[in-house]
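Note sheet for the following structure.
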Amino acid sequence: MFYGKLPRMEVGVDDWKEQSRPVLMQILRQFCIALWLVDYPDDAEPGKVDFKVCGGSAFLWQTDSGKFLVTAHHVWAAFQERLRERPGRCLIFYLDRNHAIPIFGAKPVSLDQDLDLAVFGGLGIENLKPDEKEFFPQPPYPRSAVVTGDRLALCGYPKDLRIDDERYNIIGMVYMQGAAIVGSAGVTIRIPGNPPDKFRTAAVPSLASFELPGASGGPVFAFRDWGIEWVGIVSAGGGPPHYDVIIAPSRFIGEDGTITRPPTML
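Read in the numbering used here, the sequence shown has 51 at position 51, and its numbers run on one by one without any break.
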């Protein structure tokens with residue numbers, strides 16, 4: 001079973017940045033999905049739908065307690081608002097190997113607006129059978145807190161890389177590496193904008209010009225001596241000009257999917 005180990009990562013933290021960027025990206029992107037909420041007009045004909053969408057990213061996570069979908073709370077709040085306004089006319093999809101897969105029956109396990117975390121489970125998540133994507137298995141040992149200076153990597157599907165005139169399609173994803181800056185209370189993590197280590201496809205002219213909407217909810221990993229560790233969710237961007245990334249720490253999410261606030265927030 002895969003427990004977050006990367007090829008040749010036994011070389012140590014100081015050397016991880018010498019690994020191939022595309023290889024690392026391909027490993028991490030397995031656990032990150034692009035989400036769409038599609039609003040179908042009342043008079044829509046099958047196959048000829050002029051739909052309205054809102055999007056986000058999410059992380060597929062598995063523990064001994066089950067399978068979960070984790071995203072940013074504000075992503076779910078936007079979806080929920082549309083679902084309430086248009087009951088019966090909206091569906092949530094995720095993209096897997098260029099196929100739009102509907103998600104039915106996902107139930108909120110734990111939500112926290114202030115931490116900007118949302119965890120979903122239930123049969124709708126347990127029954128997902130990804131093809132290209134997969135659930136990240138939580139290693140059977142305690143998670144460690146991120147400290148300032150830790151090397152992090154994140155990925156997500158921002159709106160600038162989604163094709164508006166093609167149904168549920170993308171041309172690429174944002175993948176960035178950078179050093180963590182942790183707030184004094186340990187509740188927020190930041191990656192400085194425009195880090196030296198980032199990856200883009202030939203179709204993407206520049207990462208520095210991108211806004212982050214759509215990438216919210218994507219997973220953030222820390223590189224450890226033993227491999228990779230899931231440490232957070234993309235929450236917001238702090239730009240311009242360089243679009244710092246603000247991260248919601250995942251250590252507040254228990255293996256049963258329950259979010260527990262730190263003492264500083266009680």
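Think of the CB as a built atom: it goes at the ideal place given N, C-alpha and C, for glycine as much as any other residue.
Check: Identify the residues that DSSP records as bridge partners of L69: which are they?
Finding: DSSP lists L60, F120 as partners of L69.
Check: So the beta strand (DSSP E) E229 belongs to, where does it begin and stop?
Finding: Taken as a continuous stretch (DSSP letters only), the beta strand (DSSP E) holding E229 covers 227-237.
Item checked: Best match in M265, M173, L37 for proximity to F93 [C-alpha to C-alpha] -> Check the Cα spacing between F93 and each of M265, M173, L37: the tightest is with L37.
Notebook entry, point to check: Which residue from V187, F104, L128, D244 puts its Cα closest to that of I259?
Noted result: Closest option to I259, Cα to Cα, is V187.
Notebook entry, point to check: Anyone know if the C-beta pair for L69 and L60 falls short of 9 Å?
Noted result: Taking 9 Å as the cut-off, the beta carbon of L69 is found closer than this to the beta carbon of L60.
Note to self: If you reduce the DSSP assignment to three classes, tell me which class P219 lands in.
What the structure shows: Secondary structure at P219: strand, using DSSP grouped into helix, strand and coil.
Check: Out of F221, D131, P130, L91, which has the shortest C-alpha to C-alpha gap to R251?
Finding: Measuring from the Cα of R251, the nearest candidate turns out to be F221.
Next item on the list: Could you tell me whether any Cβ in chain C is nearer than 9 Å to the Cβ of F93?
Entry: You won't find chain C in this structure, because it holds only one protein chain.
Item checked: D256 versus F120: straight-line alpha-carbon distance, rounded -> D256 and F120: Cα-Cα distance of roughly 11 Å.
Checklist line | Beta-carbon spacing of Y157, L91 below 9 Å | finding: One thing to note: Y157 has its Cβ no nearer than 9 Å to the Cβ of L91.
Check: Who are the Cβ neighbours of S209 in its own chain at under 7 Å, not counting the five residues just before and after it?
Finding: The predicted model places S209 with a pLDDT of 46, which falls under 50 and marks its position as unreliable; any figure quoted below should be read in that light. So the list is empty, once near-sequence residues are dropped.
Checklist line | Pair within 9 Å by beta-carbon distance, T71 and G227 | finding: G227 sits away from T71, with the two beta carbons spaced by 9 Å or more.
Item checked: Alpha-carbon spacing of P249 relative to S110, whole angstroms -> Their backbone Cα atoms lie some 15 Å apart in a straight line.
Checklist line | Simplified DSSP state of M173, which is helix, strand or coil | finding: Reduced to three states, the DSSP call for M173 is coil.
Margin query: How far does the beta strand (DSSP E) with I103 in it extend, from its first residue to its last?
Written below: From DSSP, I103 is part of no beta strand (DSSP E); its letter is neither H nor E.
Next item on the list: Check S184 in the structure and name its three-state DSSP category.
Entry: Correct three-state label for S184: coil.
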